[in-house]
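A short worksheet on the structure shown next.
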Amino acid sequence: MTPKPDGPPDGGWGWVVAAAAFAVNGLSYGLLRSLGLVLPDLAEHFDRTAQDTAWVSALALAVQQAASSGWALAFAPALGTLSRYFSRRRVLAVGLALTGNGASSLLLAPALQLLLDTFGWRGAMLLLGAITLHLTPCGALLRPLALPGDPPAPPRGPLAALGLGLFTRRAFLVFALGTVLVGGGYYVPYVHLAPHALDRGLGGYRAALVVAVAAVADAGARLVCGWLADQGWVPLPRLLAVFGALTGLALLAVGLVPVVGGKEGWGGSLLATAGAYGLSAGSYAPLVFGVLPGLVGIGGVVQATGLVMMLMSLGGLLGPPLSGFLRDETGDFTASFLLCGSLVFSGSFIYMGLPGVLPSCHPTSSPATPPPERGELLQVPQVAQLAPGGPQSILDTTC
Numbered sequence: 405m406t407p408k409p410d411g412p413p414d415g416g417w418g419w420v421v422a423a424a425a426f427a428v429n430g431l432s433y434g435l436l437r438s439l440g441l442v443l444p445d446l447a448e449h450f451d452r453t454a455q456d457t458a459w460v461s462a463l464a465l466a467v468q469q470a471a472s473s474g475w476a477l478a479f480a481p482a483l484g485t486l487s488r489y490f491s492r493r494r495v496l497a498v499g500l501a502l503t504g505n506g507a508s509s510l511l512l513a514p515a516l517q518l519l520l521d522t523f524g525w526r527g528a529m530l531l532l533g534a535i536t537l538h539l540t541p542c543g544a545l546l547r548p549l550a551l552p553g554d555p556p557a558p559p560r561g562p563l564a565a566l567g568l569g570l571f572t573r574r575a576f577l578v579f580a581l582g583t584v585l586v587g588g589g590y591y592v593p594y595v596h597l598a599p600h601a602l603d604r605g606l607g608g609y610r611a612a613l614v615v616a617v618a619a620v621a622d623a624g625a626r627l628v629c630g631w632l633a634d635q636g637w638v639p640l641p642r643l644l645a646v647f648g649a650l651t652g653l654a655l656l657a658v659g660l661v662p663v664v665g666g667k668e669g670w671g672g673s674l675l676a677t678a679g680a681y682g683l684s685a686g687s688y689a690p691l692v693f694g695v696l697p698g699l700v701g702i703g704g705v706v707q708a709t710g711l712v713m714m715l716m717s718l719g720g721l722l723g724p725p726l727s728g729f730l731r732d733e734t735g736d737f738t739a740s741f742l743l744c745g746s747l748v749f750s751g752s753f754i755y756m757g758l759p760g761v762l763p764s765c766h767p768t769s770s771p772a773t774p775p776p777e778r779g780e781l782l783q784v785p786q787v788a789q790l791a792p793g794g795p796q797s798i799l800d801t802t803c
């Protein structure tokens, strides 16, 4: 039996797991983000409304995040396993893995439009299914890792196995409530950003460019924010609340922006706001999973990852259809993006209840020691060893 290491190796095979998680993220969320280009063809073929066709991506998103089949069986273990391999560079590794979303969207958005023009929506969907089959070999790279603090035996009973006891922790409960609201608006651009660009007068390839710009900004922000978070300059919960709020504001701007030019224009204003959305949403994404070890401990991070995905699916299941309903009622996606931006902003406001977010929540410290008298020896300073997971994971905070 292989002995347990002293802690996460912070490298080694963890980089292989990061590469596998990169591919999994690109083949799941990256594909889902580009799927909005298919919805107009589906609506035209079946003579249905935007609300009806939005359920296609909404149900796919719910299946993925509820860990019931397909993408969820690959995504949740990939992110959970990756978090166990890293401590000091955990958020950077998660951010690197999550850039698969942006890289895949950058390639798939124009490629999917080409497939639609060449093979129609049926042929394009068949080819996307074949591409998604490449998730299978990624699972072989997720080598389990035993760490100190793991339970001696797997949990017994459905409640223990699902990790529902995590909801008894105040910090995780606050995080869960905020995540449900964020999920209600976070995934609407995945489905309706391209149709929104089409409604604003852009052609198919120019609408794909809007998606690609958001994807590039998203990918770059995930790497930069991952590095920034691992420096320990700002508590992770505070970064989570700030970038979540910026994501909500960017979505409000996407809905309100007037596009410069008609069908022959590039829609520079929409491109700019889509880029701002990509930067803020990309910064938010690695923090969602990077903050979990500090809330639940490294032993519960896999269960917490699955619960977070399930919680986001509660909002993600209803967000796109509601956005489609508002589009059918109002004639455009302005109200849809205003609603989803408000939901994301409200969820970020709830994150302010997490420890370490508000400046008034500060680490407790012992009373200051008076200076020594002349000739008196200085006391030997006490050195505290940081636990795995970064400095934020062991701070005792008071409000």
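All the letters of the sequence shown, read from the start, carry residue numbers 405 to 803 under the working numbering. Quick reminder that beta carbons are idealized off the backbone N, C-alpha and C, glycines included.
Which of the three DSSP states, helix, strand or coil, is assigned to Leu-431?
The residue given as residue 431 occupies position 27 in the sequence shown. Residue state, collapsed to three classes: helix.
With His-538 as the anchor, note down where its alpha helix (DSSP H) starts and where it stops.
Here residue 538 refers to the residue found at position 134 when the sequence shown is read from its first residue. From DSSP, His-538 is part of no alpha helix (DSSP H); its letter is neither H nor E.
Neighbourhood of Pro-444 by C-beta distance below 7 Å, restricted to the same chain and skipping five residues each side
Residue mapping note: residue 444 aligns to position 40 of the sequence shown, counting from 1. Contacts found: Pro-599, Leu-602.
Exposure of Leu-640, with buried meaning 16 or more beta-carbon neighbours within 10 Å:
The count along the sequence shown starts at 1 and reaches residue 640 at position 236. So Leu-640 ends up on the buried side.
In this structure, does DSSP put Leu-632 in helix, strand or coil?
The sequence position of residue 632 within the sequence shown is 228, counting from 1. Helix at Leu-632.
Report the rounded CA-to-CA distance for Val-442 versus Val-761, giving the unit in angstroms.
Reading the sequence shown from its first residue, position 38 is the one you call residue 442. Reading the sequence shown from its first residue, position 357 is the one you call residue 761. Straight-line Cα distance between these residues: approximately 40 Å.
Tell me which residue opens and which closes the alpha helix (DSSP H) that Ala-604 is part of.
To locate residue 604, count along the sequence shown from 1; it is residue 200. Just to set this straight, residue 604 is Arg in the shown sequence, not Ala. No alpha helix (DSSP H) holds Arg-604; DSSP gives it neither H nor E.
Assuming contact is defined by CB atoms lying nearer than 8 Å, are Leu-743 and Leu-730 in contact in what I supplied?
Within the sequence shown, numbered from 1, the residue matching residue 743 stands at position 339. Within the sequence shown, numbered from 1, the residue matching residue 730 stands at position 326. Their beta carbons are under 8 Å apart, which means Leu-743 touches Leu-730 by this criterion.
Nonlocal neighbours in the same chain, by C-beta distance under 7 Å from Leu-532, ignoring five residues either side:
Looking up residue 532 in the sequence shown gives position 128. These residues qualify, in order along the chain: Leu-435.
For Leu-537, tell me which candidate among Ala-427, Val-498, Val-706 has the shortest Cα-Cα distance.
The residue given as residue 537 occupies position 133 in the sequence shown. The residue with the shortest Cα to Cα distance from Leu-537 is Ala-427.
For Ala-616 and Leu-511, what's the separation of their Cα atoms in angstroms?
Residue mapping note: residue 616 aligns to position 212 of the sequence shown, counting from 1. Residue mapping note: residue 511 aligns to position 107 of the sequence shown, counting from 1. Between Ala-616 and Leu-511, the C-alpha separation is close to 8 Å.
Quick check on Ser-740: does DSSP put it in helix, strand or coil?
Along the sequence shown, read from residue 1 onward, the residue named residue 740 stands at position 336. Three-state DSSP puts Ser-740 in a helix.
If Leu-691 sits next to Ala-623, beta carbons under 8 Å apart, how far is it from one beta carbon to the other, in whole angstroms?
What you label residue 691 is simply residue 287 of the sequence shown in a count that begins at 1. What you label residue 623 is simply residue 219 of the sequence shown in a count that begins at 1. Rounded, the Cβ-Cβ distance is 15 Å, inconsistent with contact.
Is Gly-587 near Leu-718, with beta carbons less than 8 Å apart?
Your numbering for residue 587 matches position 183 in the sequence shown. Your numbering for residue 718 matches position 314 in the sequence shown. Yes, the pair counts as a contact, with Cβ atoms nearer than the cut-off.
So, using beta-carbon positions, are Thr-485 and Leu-546 closer together than 8 Å?
Residue 485 sits at position 81 when you count from the first residue of the sequence shown. Residue 546 sits at position 142 when you count from the first residue of the sequence shown. In this structure, Leu-546 lies closer than 8 Å to Thr-485 by Cβ.
Three-state class that DSSP yields for Ala-550 in the structure shown
Along the sequence shown, read from residue 1 onward, the residue named residue 550 stands at position 146. Coil at Ala-550, not helix or strand.
Between Tyr-681 and Leu-643, which are expected to be in contact by the criterion C-beta below 8 Å, what is the C-beta distance as a whole number of angstroms?
Reading the sequence shown from its first residue, position 277 is the one you call residue 681. Reading the sequence shown from its first residue, position 239 is the one you call residue 643. Going by Cβ atoms, the distance from Tyr-681 to Leu-643 rounds to 18 Å, so no, they are not a contact pair.
Rounded distance between the beta-carbons of Ser-508 and Phe-479, thought under 8 Å
In the sequence shown, the residue the question calls residue 479 occupies position 75. In the sequence shown, the residue the question calls residue 508 occupies position 104. Rounded, the Cβ-Cβ distance is 13 Å, inconsistent with contact.
Let me confirm a value: Gln-635 is counted as buried when at least 16 other C-beta atoms fall within 10 Å, else exposed. Which label applies?
Numbered from its first residue, the sequence shown carries residue 635 at position 231. Burial call: exposed.
As assigned by DSSP and simplified to three states, the class of Arg-573:
Counting from one through the sequence shown, the residue named residue 573 turns up at place 169. Looking at Arg-573 - three-state DSSP - the assignment turns out to be coil, as it is neither helix nor strand.
Which of helix, strand or coil does DSSP assign to Pro-641?
On the sequence shown, position 237 is the one that residue 641 refers to. Pro-641: helix per DSSP, three-state reduction.
How about Leu-502 and Arg-626: do their beta carbons lie closer than 8 Å?
As a working mapping, residue 502 is identified with position 98 in the sequence shown. As a working mapping, residue 626 is identified with position 222 in the sequence shown. Yes. Within cutoff.
N-terminal and C-terminal residue of the alpha helix (DSSP H) that Phe-693 is part of
For the purposes of this step, residue 693 is taken as residue 289 along the sequence shown, with counting starting at 1. 672-694 is the span of the alpha helix (DSSP H), which, as asked, contains Phe-693.
Residues in its own chain within less than 6 Å of Gly-582 by CB, not counting five upstream and five downstream?
Position 178 of the sequence shown, counted from the first residue, corresponds to residue 582. So the list reads Gly-751, Ile-754, Tyr-755, once near-sequence residues are dropped.
Answer yes or no: do Ala-808 and Pro-724 have a C-beta to C-beta separation smaller than 8 Å?
For the chain, the structure presents residues 405 to 803; residue 808 sits outside this window and is missing.
Does the beta-carbon distance from Val-421 to Tyr-489 come in below 8 Å?
By 1-based counting over the sequence shown, the position of residue 421 is 17. By 1-based counting over the sequence shown, the position of residue 489 is 85. Yes, the Cβ-Cβ distance between Val-421 and Tyr-489 is below 8 Å.
Use the C-beta contact count for Pro-541: other C-beta atoms within 10 angstroms, 16 or more gives buried, fewer gives exposed.
The residue given as residue 541 occupies position 137 in the sequence shown. Within a 10 Å sphere around the beta-carbon of Pro-541 sit fewer than 16 other beta-carbons, which makes this residue exposed.
Since Val-856 contacts Ser-491 with CB under 8 Å, what's their CB separation in whole angstroms?
The chain is shown from 405 up to 803; residue 856 falls before or after that span and cannot be answered.
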